[in-house]
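Numbering (full-length UniProt numbering), first residue to last: 1 to 345. Structure first, then comments.
Written out as structure tokens, the structure is:
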């Protein structure tokens with residue numbers, strides 16, 4: 001079983017990076033905003049940047065240990081790191097780009113490269129130079145080059161950031177299949193929640209240089225327990241939560257009283273799609289003034305103004321037809337299902 005154990009600290013200009021992360025087989029994503037420390041984390045694992053203190057262990061091999069003065073060079077770590085720029089050599093063919101750094105006899109290399117070209121649908125492009133390729137093709141060549149070196153750990157830094165949405169969709173299945181066939185561990189970083197959810201098995205939430213949550217992707221999206229986790233997974237309705245006693249709490253902004261122990265939570269969250277709108281004739285609900293409506297290709301977003309705050313409601317176009325008349329009246333009542341609340345720290 002492959003494993004990475006990382007417990008390091010590094011003082012940066014904006015904050016101190018403190019990463020405690022242990023991963024095993026499969027694809028682990030690190031989800032965080034730009035500047036949260038994701039890329040720096042990969043650079044420390046790869047040996048490009050040295051932590052101030054701590055340890056990094058890959059498959060029982062010590063890569064870094066500040067106490068024992070161990071700091072292996074990047075080439076000694078057997079780690080593949082694919083940056084956003086892909087770093088291909090334009091004067092070399094696709095085939096030669098992939099062959100760089102490969103070990104073993106020439107015939108074995110040729111067979112391996114041909115397998116990768118076929119798997120990533122690059123069979124007809126082996127003789128071409130990178131400057132003749134599309135963005136999606138360049139990405140697959142960069143991935144093939146790393147896979148050809150058979151690293152113990154594959155790290156991907158925002159791999160789709162340079163591609164438009166159509167290209168991402170076009171190569172998605174080939175890319176996913178290549179990752180699933182890789183025999184080592186994969187560490188995948190992005191600020192895009194849909195991308196992370198699609199490709200990863202486990203997700204770590206990074207905020208201001210720290211891992212604040214780490215779990216399987218379903219629980220991270222359905223039952224996250226940090227404000228950063230809620231916002232990064234798309235929850236835009238977050239309000240202060242006040243604990244009155246072990247069995248009583250209130251969300252003043254939403255006029256909610258909760259008869260439960262919220263433990264250490266300081267915030268409550270509710271996802272936009274979990275709100276329900278009813279007419280003002282309804283006895284229950286939170287009175288809201290309808291504000292701006294944003295129509296998007298697959299859903300509609302409605303801003304709801306409360307007395308001292310606001311809520312954001314989203315629904316599909318089909319669902320909108322059911323509440324359109326209520327929304328057009330200008331005032332609605334909002335029902336908040338307490339079982340759908342997120343309790344956040």
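Positions of the beta carbon are idealized from the N, C-alpha and C atoms, including for glycine.
Beta-carbon contacts of residue 294 that lie in its chain and below 6 Å, excluding the five residues immediately before and after: Working through the chain shown from its first residue, we reach residue 294 at position 294. Answer for residue 294: 301, listed in chain order.
Continuous beta strand (DSSP E) stretch holding residue 190: start and end: In the chain shown, the residue the question calls residue 190 occupies position 190. From DSSP, the beta strand (DSSP E) with residue 190 extends over 185–190.
Residue 54 (DSSP reduced to helix, strand or coil): On the chain shown, position 54 is the one that residue 54 refers to. Residue 54 falls in the strand class under three-state DSSP.
The stretch 246–255 contacting the stretch 39–59, beta-carbon criterion three pairs below 8 Å: no
Contacting residues, own chain, Cβ-Cβ under 8 Å from residue 70 (five flanking each side not counted): Counted from its first residue, the chain shown places residue 70 at position 70. If the five residues before and after residue 70 are omitted, its C-beta is found closer than 8 Å to the C-beta atoms of 62, 63, 64, all from its own chain and listed in chain order.
Buried versus exposed, by CB contacts within 10 Å (16 or more), residue 21: As a first step, residue 21 is located in the chain shown; it is residue number 21 there, counting from the start. The residue is buried, with at least 16 neighbouring Cβ atoms inside 10 Å.
Simplified DSSP assignment, three categories, for residue 28: Taking the chain shown and counting its residues from 1, the one referred to as residue 28 is at position 28. Reduced to three states, the DSSP call for residue 28 is strand.
Helix, strand or coil at residue 324 [DSSP, three-state]: To locate residue 324, count along the chain shown from 1; it is residue 324. Here DSSP, grouped into helix, strand and coil, assigns residue 324 to helix.
Beta-carbon gap between residue 120 and residue 174 smaller than 7 Å: In the chain shown, the residue the question calls residue 120 occupies position 120. In the chain shown, the residue the question calls residue 174 occupies position 174. A Cβ-Cβ contact shorter than 7 Å links residue 120 with residue 174.
Opposing strand residues paired with residue 343 [DSSP bridges]: Numbered from its first residue, the chain shown carries residue 343 at position 343. Beta-bridge pairing links residue 343 to 268.
Cross-strand partners of residue 9 (DSSP beta bridge): Translated into positions along the chain shown, residue 9 becomes position 9. 18, 53.
Where residue 1 sits in the DSSP three-state scheme: By 1-based counting over the chain shown, the position of residue 1 is 1. Three-state result, residue 1: coil.
Secondary structure of residue 220, DSSP reduced to three states: On the chain shown, residue 220 is found 220 positions in, with the first residue counted as 1. Three-state DSSP puts residue 220 in a helix.
Cβ neighbour criterion (16 or more within 10 Å) applied to residue 297: By one-based count along the chain shown, residue 297 stands at place 297. Flag for residue 297 reads exposed.
Beta-carbon gap between residue 299 and residue 325 smaller than 7 Å: For the purposes of this step, residue 299 is taken as residue 299 along the chain shown, with counting starting at 1. For the purposes of this step, residue 325 is taken as residue 325 along the chain shown, with counting starting at 1. Cβ atoms of residue 299 and residue 325: not closer than 7 Å.
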